[in-house]
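Structure first, commentary second.
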Amino acid sequence: MRWTACIVGAVLCALGATARIAQADRVIMTDGTVHQGLIVVETDAAIVLDTMVNGERTKITIDPYDVKNVERKPLPRGFFGADDPAPAQAPQSAPTNAKDTNKDSTRPQRTPANNRSTNRPKGITDGTYAVIPIEGVFGEDISPVGVREALELAKRRSIRHIVFDIDSPGGYTWAADRIVEVLAEFDEDFDYHAHIRNAFSASIWVVFSCDTITMAPGSSVGAAVTFAQTETGVEAVDAKFTSARISTLRNLAKAKGHADALIAPMMDMPAQLYAWRDADGQPVVSNDPPSGNPIGLRHLDNESQVLTLTVDDAIDIGLATQVQGGHRALGEQLAIDGWNHLPNLCERPMAQRGKELRKLVDTVDQGLPKLRELIEKAVAEHPSNVQVTYYTESGLLTPGSQQKWRDQTDIALRAWNDVFEAFRGLDLLTSQFEKVGGIERFPRQELQEIGVRVDEEIRNLRANRMRTHY
């Protein structure tokens, strides 16, 4: 965003200068609403837009968190009234062959639209970074939507560096997969840095998506065996599924310059890992044992365990470096000048979406067992479970038993209505799970089956309520 240009344009308007750069700002909200005018203030807390409301010139305050995008276009003639002279055209972009002194030769060249060294907001430099906390369980506390919203905010602020502060036991691989897809989508816009406090299981998806990896003292990374939920609990997925996962993550690690030989031992127990030093003293890792007896040969992982690397192991094999002092100390370690944190920019959407997802997960995890209990109760109340008498020759129920059947049917109907209300309460959460990016965590199939069963049970009970024969 070109904050300086926005503020200068607003000041010139206020002074009534003859030659003005009136650059319009179209603020597009997440709900689709569009506001047009001139941004005069833009901070982490608020965007102030000079605009027209009901024919009156006024300033409105917008929460940046609710903003999807900001577009720059020439302000229409007479936007602020008939006396407002025609604005000058927006300044032309620099030639595409201009020398980019801020180009990072180790990363793909940025397209002109994503050039982060020009038109930055005030106070944003090449060393400015934002933090995305990866804390808790993927798919329960960590939302893919939260990651996307965080990166969108950082992109609008022309942030260059994103630090993923990772402290997670892992979680659902669908959430990790979607987060990796989001990171790939924004890869041209940022340099990603993983700072590990602990990164297990699904966490390694994010770790190996990053350009640099640092670890806190006492931290560990690895142990990423994939499990599937079954009726009797959890069990490791089959070899074919594991192989596909390993292939995907190996490609991810290789693309970021990390040793892809680490992936299989972290995910598949039979895989092994050997480490040694080459003739130049550089670390080498392989899934196969080396020939001969190279310098410093170590068998880091055997067939009876999955690989978990301590910080010392990770340093020794060249995967990571150790950093004390958290993300604030990364700048010196990575030799980045002007390393400064823009606080709360990315932390806020991560916390909000994570809180929303966790609340929904808890609601379902508490509500689903209660729903199952109500179903058991409703089944037990079926009129066929009560004792009735009937005439043996005709099979006709006695008058007393006919009434007993009707009364018990009414009890069963009330029980199934209770099931329906509980089912409906959970089913209404579908859209909320979709909003926070956790629909895969929602027990959609089980609820669909319950919904069909409730409908059939109620329909059958009503059809047989006036039953007269045994």
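Residue numbering for the sequence shown follows the numbering used here, starting at 35 and increasing by one per position.
Glycine residues also receive a C-beta, built at the ideal position from the N, C-alpha and C atoms.
The model shown is predicted, which means the values in this text are computed figures rather than measured ones.
N- and C-terminal bounds of the beta strand (DSSP E) containing residue i
i      : result
ASN232 : 225-234
LYS290 : Where LYS290 is concerned, there is no enclosing beta strand (DSSP E), given that its DSSP letter is neither H nor E.
GLN70  : 68-76
THR342 : 342-344
GLY256 : 254-256
ARG106 : 101-108
Rounded distance between the beta-carbons of residue j and residue i, thought under 8 Å
i      : j      : result
PRO299 : LEU307 : 4 Å
GLY252 : PHE234 : The Cβ separation is near 14 Å, so there is no contact.
ILE166 : VAL179 : Not really, about 13 Å apart at Cβ, beyond 8 Å.
ASN232 : SER254 : 6 Å
ALA228 : PHE198 : 5 Å
ALA164 : ILE200 : With 8 Å as the limit, ALA164 and ILE200 do not qualify as a contact, their Cβ atoms being about 15 Å apart.
LYS290 : PHE242 : 6 Å
GLY388 : ASP97  : With 8 Å as the limit, GLY388 and ASP97 do not qualify as a contact, their Cβ atoms being about 19 Å apart.
ARG440 : ARG499 : 6 Å
CYS505 : ALA188 : Residue coverage of the chain in this structure runs from 35 to 504, which leaves residue 505 outside it and unanswerable.
ALA236 : PHE275 : Not a contact, Cβ separation roughly 14 Å.
GLY365 : GLY71  : Not confirmed; about 37 Å, so no contact.
LEU405 : GLY472 : 19 Å between Cβ atoms; not a contact.
LEU447 : LEU460 : Wrong, their Cβ atoms sit about 21 Å apart, outside the cutoff.
VAL104 : VAL61  : 6 Å
LYS107 : MET63  : Incorrect: roughly 17 Å between the Cβ atoms, too far for contact.
MET384 : GLN339 : That pair is no contact at about 33 Å.
Paired residues, beta bridge with residue i - DSSP
i      : result
ARG311 : PRO317, ILE329
TYR163 : HIS195, HIS375
VAL82  : VAL75, THR95
TYR504 : In the DSSP output, where bridge partners are listed per residue, TYR504 has none listed.
VAL171 : GLY204
ILE176 : PHE172
VAL61  : HIS69, VAL104
TYR424 : LEU431
GLU337 : None; GLU337 has no bridge partner.
VAL87  : GLU90
Any C-beta of chain B under 8 Å from that of residue i
i      : result
GLY170 : Absent here is chain B; the protein component of the structure consists of one chain.
Residue i CB to nearest heavy atom of the ligand FMN below 7 Å
i      : result
VAL179 : What this structure holds is no ligand at all, so the ligand FMN is not there to describe.
Beta-carbon contacts of residue i that lie in its chain and below 8 Å, excluding the five residues immediately before and after
i      : result
LEU430 : TYR424, THR502, HIS503, TYR504
VAL240 : ILE168, PHE198, ILE200, ALA210, ILE213, VAL214, LEU217, ALA228, ALA233
ARG392 : GLY170, GLU174, ASP175
LEU408 : ALA449, ASP452, VAL453, ALA456
LYS288 : ASP294
VAL512 : For residue 512 there is no data in the structure shown, the boundaries of the chain being 35 and 504.
Limits of the unbroken alpha helix (DSSP H) element including residue i
i      : result
THR248 : Segment 246-249 is the beta strand (DSSP E) holding THR248; no alpha helix (DSSP H) there.
PRO477 : Unbroken run through PRO477: none, as it is neither H nor E.
ARG440 : 433-461
THR464 : 464-469
GLY365 : 364-368
PRO403 : 381-414
SER237 : 237-241
MET300 : 297-301
For residue i, three-class secondary structure by DSSP
i      : result
GLY352 : coil
PRO119 : Confidence in PRO119 is poor, its pLDDT being 49 and thus under 50, which makes the residue's placement too unreliable to answer from.
ARG154 : coil
ARG496 : helix
PHE275 : helix
VAL357 : coil
ASP221 : coil
ASP489 : helix
PRO304 : coil
PRO417 : helix
ASP211 : helix
ASP347 : helix
ARG190 : helix
ARG182 : helix
ARG284 : helix
Own chain partners of residue i with C-beta closer than 6 Å, once the 5 adjacent residues on each side are dropped
i      : result
ALA309 : VAL319, ARG332, LEU334, ILE351
PHE476 : PHE467
THR145 : Per-residue confidence for THR145 stands at a pLDDT of 40, beneath the threshold of 50, marking its modelled position as unreliable; the derived number appears in the next sentence. Excluding residues within five positions, none has a Cβ falling inside 6 Å.
ASN494 : none
PHE454 : VAL488
Contacting residues, own chain, Cβ-Cβ under 7 Å from residue i (five flanking each side not counted)
i      : result
SER139 : Caution applies to SER139, whose pLDDT of 36 falls short of 50 and renders its modelled position unreliable; the value that the coordinates give is listed next. Around SER139: no qualifying Cβ.
ILE349 : THR355, GLN356
ASN336 : GLN306
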